[in-house]
Every structure is written in structure tokens, then in C-alpha cells.
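Some notes on the structure that comes next.
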Amino acid sequence: MPSSFTPRLRLEMQAAGENLNTWGAPKLNAVIARLDFAIAGWTTVALSGNYTLSASNGDDEARAALLKFTGIGGCTVTLPSVSKRYDVMNSAAGPVILTTGAGAVATLGAGELAGVICDGGNVYKVRATEFGGARLSGTGDPVSPQDAATKAYVDAQAFASFSGTLPGQAGNAGAVLKTNGSSPAWGTLTTGDLSDYAADQASRSAAQKAFAVAAALTL
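Mind the numbering: the sequence shown is residues 242 to 460 in our numbering, read in order.
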């Protein structure tokens, strides 16, 4: 009977009497090295579009414990359809969606660091609670200050993310957010920014004059 491989981490299991004189080196050593990588190894992926993590019986990306994404944002990364946990750092320029191609997906915003678990079909983001525990996205438990449901997270993602989102707020006290139709910016509000200001003032002036005339006629 030949050797076989475990379904999740793809580690070689030796059959009885198999690989005589090679069981320890290189066979066992390869398994130990891959276990080391699965427990504490980094994989960095530079995204230029949608991406599928490599998974094989040899060295591969999907066996890593920690995933770091760089490059462009707005990409979907496909994980193997097996149960596994990853710690994920999104250093890409925008959000990254993790999926197996079926079921629930987990989305990490630019700059976000989160634990992600896969049950073989669905992918869930695990978040720390205020009490030091953990929860699955969408369970409604208490959340951490950088959870997706909090102002801090919205601030970090909406105001300081990639091109096309809202600009940062620092140094813009008293300013208003304006857009030219393609890019937003902070600035001072002027009468020219109010499309109906002139008509409104003209209407008010006419009304005041009419009131003044009517008041004079009654005297």
C-alpha cells in the first residue's frame, strides 16, 4: 500500500514497509518542516487580481498559518475547501475577500488584521471581544474597538483607505466635505456651493419688499 496524504494539511503518511531507508530523511523531515510552516509560517501574496492559493502535496501557500496580502485591493482570494484557521494581514491597497468559492465569505478592509476560519465551505472572520474572547462575524456579541461595526473601524476604512474613498479628517476641523463628482475633499463652504442660494435670497428680498410696501399702505 503506497503512502497517502492527510486531507487538510496534505502531510505524507507512511505506509507499512514503505520508503525503506528514506522514512526519516527526507520523508519525516519534510513532514516536520511542513508542520512547522502550518503552525507558524508566513505566506506573502502580492495581489494583481483575483487569486487562488496554491495547495498540493508538496510545499504550498495554503498550508501557511499566517497570510499577508499586498498589492491592489478589491480582489477575491480562494482558499482550499478544507477546514483550517488562518491569521490574515491585509496590507493591500483595498479590501480582500476570502472564499472557498461557495458559502459565506470573509472581507478584510485595507490595513485590517484578523483571524479567519474555514469549515470547508464557509469562511468566517473571528474577532476579539472587549472581554478578551472571540466571536464569529455576525453573532451580535460585544466587539472590539476595531470591529467592522464600530466608528473606529469605519473611520479607518472610509476616511483613510485607498483612492476614491473619503480623505482623512486630521487637520480639517471646521471644514465640510465636498466633491467635484469624482474625488472628495475637505474645504470651506461658500455661497457658490449652494445651488439655490441666489434664488433663495432673491425670493426673500422680494418677499421683504412686498411686506414693506403692504405695511406702508396700511399706515
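Backbone N, C-alpha and C define an ideal beta-carbon position, used for all residues, glycine too.
Bear in mind the structure is a predicted one, so any value in this text is a computation, not a measurement.
First and last residue of the uninterrupted alpha helix (DSSP H) at residue i
i	result
residue 326	From DSSP, residue 326 is part of no alpha helix (DSSP H) but of the beta strand (DSSP E) over 324-331.
residue 196	No statement about residue 196 is possible, as the shown extent of the chain runs from 242 to 460 and does not include it.
Local conformation of residue i per DSSP, three classes
i	result
residue 425	strand
residue 411	coil
residue 284	strand
residue 443	helix
residue 266	helix
residue 432	helix
Start-to-end residues for the beta strand (DSSP E) that takes in residue i
i	result
residue 418	417-420
residue 356	354-360
residue 312	307-312
residue 339	337-340
residue 317	316-319
residue 348	347-349
Among the options, the one whose alpha carbon lies nearest that of residue i
i	options	result
residue 425	416, 247, 432	416
residue 419	264, 428, 411, 413	428
residue 350	287, 335, 299	335
residue 337	343, 355, 269, 259	355
residue 256	413, 245, 447, 272	245
residue 421	412, 411, 434	434
residue 305	251, 447, 361, 413	251
residue 253	268, 432, 277	268
residue 359	413, 261, 319	319
residue 311	264, 263, 243, 352	352
residue 261	272, 243, 276	243
residue 331	263, 286, 447, 411	286
C-beta contact flag for residue i and residue j at 9 Å
i	j	result
residue 302	residue 284	yes
residue 329	residue 309	yes
residue 366	residue 249	no
residue 341	residue 321	yes
residue 281	residue 307	yes
Other residues of its chain near residue i: CB distance less than 8 Å, five sequence neighbours each side excluded
i	result
residue 313	288, 289, 290, 333, 334, 335
residue 298	246, 251, 253
residue 300	275, 278
Cβ neighbours of residue i in the same chain (closer than 6 Å, five flanking residues each side left out)
i	result
residue 363	344, 345
residue 327	308, 357
residue 240	Nothing about residue 240 can be read from this structure; the chain reaches only from 242 to 460.
residue 315	335
Other residues of its chain near residue i: CB distance less than 7 Å, five sequence neighbours each side excluded
i	result
residue 272	252, 253
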